[in-house]
Every structure is written in structure tokens, then in C-alpha cells.
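In the working numbering, the protein residues as written are 8 to 118.
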């Protein structure tokens, strides 16, 4: 039981960003940590795909004429899409900074 508690504490420390010496971990602990890393990466990738799809949908709705006259974007549509995607990524960056600052403040107050 004590070994399981230590293993859980080490994996929890790694999840919270505390550096963990991998050479001191048992194979089961390393496996648990790698599974968590892959789960986090999968979640991040799903988030990025959803974000991209929302941006494409939003900018397409806003900028592209509903009647497709040409196979290519015209100058106005092209510049609208360029501005729309730029603003979308700026907003995502601002929200990310705000969430990062909130997480850092919460982590600091929790210490």
C-alpha cells in the first residue's frame, strides 16, 4: 500500500509540473507517467483541431460569398480571411495568456 501511495504521489508531482528524476522511478511509475503525457498530448491535439475548425467555420461564414462564382477567392474575400484568421489567433493568444496568469496565481496561492 505504501508503494502505491508513493507511486501516486510521484505521478501527481509530475502532472503538476514538478521535476521528477525519471531514473528513480520504477517501470510501472514510468509507464503511468508516459500514459499521462500521451493523454495530455491527445487532449491538446483535439483542442487544437477543434479550435482550427471553429476558426475556419467562423471566417468562412463571415468572409466567403455564399454564391461560389469563381474557383478562387477574390481580393476582398482573401483580405477578409487574412484579417479574420489574424484576429482569431490574437484572441486565442490573449485568452491563453490570461489563463496562464490565472493558473500561475492559483499555483502560487496554493503553496
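Every residue, glycine too, gets a C-beta built ideally from N, C-alpha and C.
Here the structure is a predicted model, which is why all the values come from computation and not from measurement.
The alpha helix (DSSP H) enclosing residue i, as first and last residue numbers
i: residue 86; result: 82 to 116
i: residue 65; result: 34 to 70
Short CB-CB distance (under 7 Å) between residue i and chain D
i: residue 99; result: Here chain D cannot be found, since the structure has a single protein chain.
Euclidean distance between Cα positions of residue i and residue j
i: residue 67; j: residue 32; result: 50 Å
i: residue 87; j: residue 57; result: 21 Å
i: residue 11; j: residue 40; result: Interpretation of residue 11 is limited by its pLDDT of 46, a score under 50 that renders its predicted location unreliable; no figure is taken from the coordinates.
i: residue 77; j: residue 36; result: 58 Å
i: residue 94; j: residue 38; result: 41 Å
i: residue 55; j: residue 48; result: 10 Å
i: residue 27; j: residue 44; result: 13 Å
i: residue 107; j: residue 101; result: 10 Å
i: residue 96; j: residue 110; result: 21 Å
i: residue 82; j: residue 42; result: 48 Å
i: residue 113; j: residue 103; result: 15 Å
Short Cβ contact (7 Å threshold) for residue i with residue j
i: residue 70; j: residue 84; result: yes
Whole-number beta carbon distance between residue j and residue i, since they are thought to touch under 8 Å
i: residue 92; j: residue 62; result: 6 Å
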